[in-house]
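Colleague: After the structure tokens below, expect a handful of questions from me.
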Amino acid sequence: MTEAPNPARMTPDPTAGLEGVVAATTRLSHVDGQNGVLILRGKRLEDLAGTISFEGAVRHLWQDLEIAGSDSLPAGFGQARIAAFQVVPLLEQAPPGLSVFERMQLGLAALPETNRPGDAATITGALPVLLAAAHRCAAGLPPLAPDSTLDTATDPLRMLTGVRPPQSHVEALNRYLVTILDHGLNASTFTARVIASTQADLKQAVLGAMGALSGPLHGGAPGPVLDMIDAIGHPDNATGWIGGALARKERLMGFGHRIYRTRDPRADVLKAGLKTLGADNPKVQLAERIETAALAALRTAKPDRPLETNVEFYTAVLLDAIGIDRSLFTPLFAAGRTAGWCAHALEQQRTGKLIRPSSRYVGPPAA
Ligand code: COA
Numbered sequence: 008m009t010e011a012p013n014p015a016r017m018t019p020d021p022t023a024g025l026e027g028v029v030a031a032t033t034r035l036s037h038v039d040g041q042n043g044v045l046i047l048r049g050k051r052l053e054d055l056a057g058t059i060s061f062e063g064a065v066r067h068l069w070q071d072l073e074i075a076g077s078d079s080l081p082a083g084f085g086q087a088r089i090a091a092f093q094v095v096p097l098l099e100q101a102p103p104g105l106s107v108f109e110r111m112q113l114g115l116a117a118l119p120e121t122n123r124p125g126d127a128a129t130i131t132g133a134l135p136v137l138l139a140a141a142h143r144c145a146a147g148l149p150p151l152a153p154d155s156t157l158d159t160a161t162d163p164l165r166m167l168t169g170v171r172p173p174q175s176h177v178e179a180l181n182r183y184l185v186t187i188l189d190h191g192l193n194a195s196t197f198t199a200r201v202i203a204s205t206q207a208d209l210k211q212a213v214l215g216a217m218g219a220l221s222g223p224l225h226g227g228a229p230g231p232v233l234d235m236i237d238a239i240g241h242p243d244n245a246t247g248w249i250g251g252a253l254a255r256k257e258r259l260m261g262f263g264h265r266i267y268r269t270r271d272p273r274a275d276v277l278k279a280g281l282k283t284l285g286a287d288n289p290k291v292q293l294a295e296r297i298e299t300a301a302l303a304a305l306r307t308a309k310p311d312r313p314l315e316t317n318v319e320f321y322t323a324v325l326l327d328a329i330g331i332d333r334s335l336f337t338p339l340f341a342a343g344r345t346a347g348w349c350a351h352a353l354e355q356q357r358t359g360k361l362i363r364p365s366s367r368y369v370g371p372p373a374a
């Protein structure tokens, strides 16, 4: 099964951002944009999120890849967190201007070579400890050592604050991590597959994927979503603020998607997570009113282009509701998606085929 191939684009239009082009075969995940369905290795997202641990979801995703150690998760991730803590002094010595995301990339680059079977678990386990340590270093606080007995949704929250998190926060973060585990051939996953196709080290594929993720049109959107909610401030301001942004030709962060022509199912799964959190805080209510106003305004402004709520809108609302700082939204996205990137990278490497498309030359003819 492939991501909605567009027969009209079988000869790719180079200005169309490869829309509709099928560039990989995968058993990992499928995005059905017409029906608003995400399938993760044969299971609908709605049947996984909220019922399975992050480690269980990763085992499920990695099942066909025979990644060494994946049947011993979460213990394997716990050991990987302990190993990754060795590189944390490097994060402490980093130039002060470096962001949390860049410190994570620094720590990942400093890990030993990752081209042995099982290194997908080493890298996926490392990212949460690098995230927590990077955040504390950037804030001038001493990093906290990982606890290998805790799971992936608990230990990073504890390492960020020094306090064992409430169970409701752990469940919300677990739901988030499962929701963003994998998502077809999005820009960062494609990047990971391109790098892996050169038979580069696995961590290089993840480093490159992180770079692609960081942009505001991809994983960089949830921080600006929260900025928008804060700027609107009150439900009565929503319609006017949104109208002004659209009149200035700005994009509303957290809306629209390349593949989904109906609702992004991940947005619904995260919204449902807010209900189980019991989050009746005013910001959640404000966000819901903003969503309604934004969808109405987008339908008027772009009647021919279905623009619906995407994952990043409720990512921002959910992570904010459990006390995660907005500077950590994209780092957390990277930490969860790393399991998907590694799986795609390994799947791609096994084809043994270099990804090397062509370009259409429109420069001056040779003199
Ligand atoms: N707000 C306002 N207009 C939007 C929009 C948004 N969020 N998303 C798309 N549009 C408009 C574009 O301006 C464009 O209008 P035009 O044809 O008049 O120029 C039209 O819809 C098509 O946009 P395009 O960029 O070609 O579509 P795409 O499939 O490449 O875009 C996104 C997908 C995600 C990049 C885009 O919807 C977007 O920028 N969303 C906001 C960022 C975001 O939430 N990113 C997270 C994605 S999970």
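As numbered in my numbering, residues 8 to 374 make up the sequence shown, in order.
Just so it is clear, CB atoms sit at the ideal spot from N, CA and C, and this is done for glycine as well.
1. Can A56 be considered in contact with the ligand COA, in the sense that its beta carbon sits closer than 6 Å to one or more heavy atoms?
2. Could you tell me if R298 is buried or exposed, where buried requires 16 or more neighbouring beta carbons within 10 angstroms of its beta carbon?
3. Could you pull the start and end residues of the alpha helix (DSSP H) that V177 belongs to?
4. Taking C-alpha atoms, which residue in T198, P96, L314, A346 lies nearest to L302?
5. Excluding the 5 residues flanking P149 on each side, which residues of the same chain have their C-beta closer than 7 Å to its C-beta?
6. Would you kindly work out how many angstroms separate the C-alpha atoms of E26 and L233, rounded to a whole number?
7. When the Cα atoms are used, what is the spatial distance from V324 to Q356?
8. Using a C-beta cutoff of 7 Å, does A56 count as contacting chain B?
9. Touching or not, the segment 350-364 and the segment 197-210, by the rule of three or more beta carbon pairs under 8 Å?
10. Does the ligand COA have even one heavy atom less than 6 Å from the beta-carbon of E319?
11. From the DSSP output, which residues share a beta bridge with D39?
12. Would you say the segment 251-263 touches the segment 342-350, given that touching needs at least three Cβ pairs under 8 Å?
13. Give the DSSP-derived three-state secondary structure of T337 in the structure shown.
14. The alpha helix (DSSP H) with P272 in it runs from where to where?
15. So, at 7 Å on beta carbons, what are the nonlocal neighbours of G227 in its own chain, with the 5 sequence-adjacent residues on each side left out?
16. My output table needs one value for T131: the three-state DSSP class, helix, strand or coil.
17. Spatial neighbours of T9 within its chain, please: CB distance less than 7 Å, with the 5 preceding and 5 following residues excluded, ordered by chain position.
18. What residue does the alpha helix (DSSP H) around R34 start on, and which one ends it?
19. Looking at the structure shown, is K256 part of a helix, part of a strand, or coil, going by DSSP?
20. Between which residues of its own chain and I46 is the CB-CB distance below 6 Å, once the five residues before and five after are set aside?
21. Quick one: is the Cβ of H37 within less than 6 Å of any heavy atom of the ligand COA?
22. State the CB to CB distance for the pair T186 and L277, rounded to an integer number of angstroms; the pair is presumed to be in contact (CB under 8 Å).
23. How about S77 and R88: do their beta carbons lie closer than 7 Å?
24. Taking 8 Å as the cut-off, does the segment 106-116 touch the segment 130-140 (at least 3 CB pairs, one atom from each stretch)?
25. Do P272 and G24 have their beta-carbon atoms positioned less than 7 Å apart in this structure?
26. Which word fits G330, buried or exposed, when buried means at least 16 other C-beta atoms lie within 10 angstroms of its C-beta?
27. Does the ligand COA have even one heavy atom less than 6 Å from the beta-carbon of G27?
28. From the DSSP secondary-structure annotation, give me the bridge partner or partners of P51.
29. Between L164, A194, L52, L98, which has its C-alpha nearest A216's C-alpha?
30. Who are the near neighbours of T269 in its chain, counting only those whose CB is closer than 8 Å to its CB and skipping five residues on each side?
31. Could you please give the first and the last residue of the uninterrupted alpha helix (DSSP H) stretch that includes G99?
Modeller: If we stick to the structure as given:
1. In terms of side-chain proximity, the C-beta atom of A56 is found no nearer than 6 Å to any non-hydrogen atom of the ligand COA.
2. This sequence places Glu at residue 298; Arg is not what is there. E298 comes out buried.
3. 174-186
4. Cα-wise, what sits closest to L302 is L314.
5. If we look at P149 and ignore the five residues flanking it on each side, its Cβ neighbours are R143.
6. 28 Å
7. 37 Å
8. No chain B is present in this structure, which holds just one protein chain.
9. Result yes; three or more Cβ-Cβ pairs closer than 8 Å.
10. yes
11. DSSP output for D39 lists V44 as bridge partner(s).
12. Because the criterion of three Cβ pairs below 8 Å is not met, the segment 251-263 and the segment 342-350 do not touch.
13. Looking at T337 - three-state DSSP - the assignment turns out to be helix.
14. 272-284
15. S221, T337
16. helix
17. Annotation note: pLDDT 48 at T9 (below 50); position unreliable, coordinate value reported separately. Excluding residues within five positions, the ones whose Cβ falls inside 7 Å are V29.
18. Unbroken run through R34: none, as it is neither H nor E.
19. coil
20. H37
21. Within 6 Å of the C-beta of H37 there is not a single heavy atom belonging to the ligand COA.
22. With a contact defined as Cβ atoms closer than 8 Å, T186 and L277 qualify at about 6 Å.
23. no
24. As far as the Cβ criterion goes, the segment 130-140 touches the segment 106-116, which means the pair count is three or higher.
25. no
26. exposed
27. No; taking the cut-off as 6 Å, the Cβ of G27 has no heavy atom of the ligand COA nearer than that.
28. Going by the sequence as given, residue 51 is Arg instead of Pro. R51 is bridged to I46.
29. A194
30. So the qualifying residues of the chain are G40, Q41, N42, G43, P313, E315.
31. Looking at the sequence shown, residue 99 is not Gly but Glu. 95-99 is the extent of the alpha helix (DSSP H) around E99.
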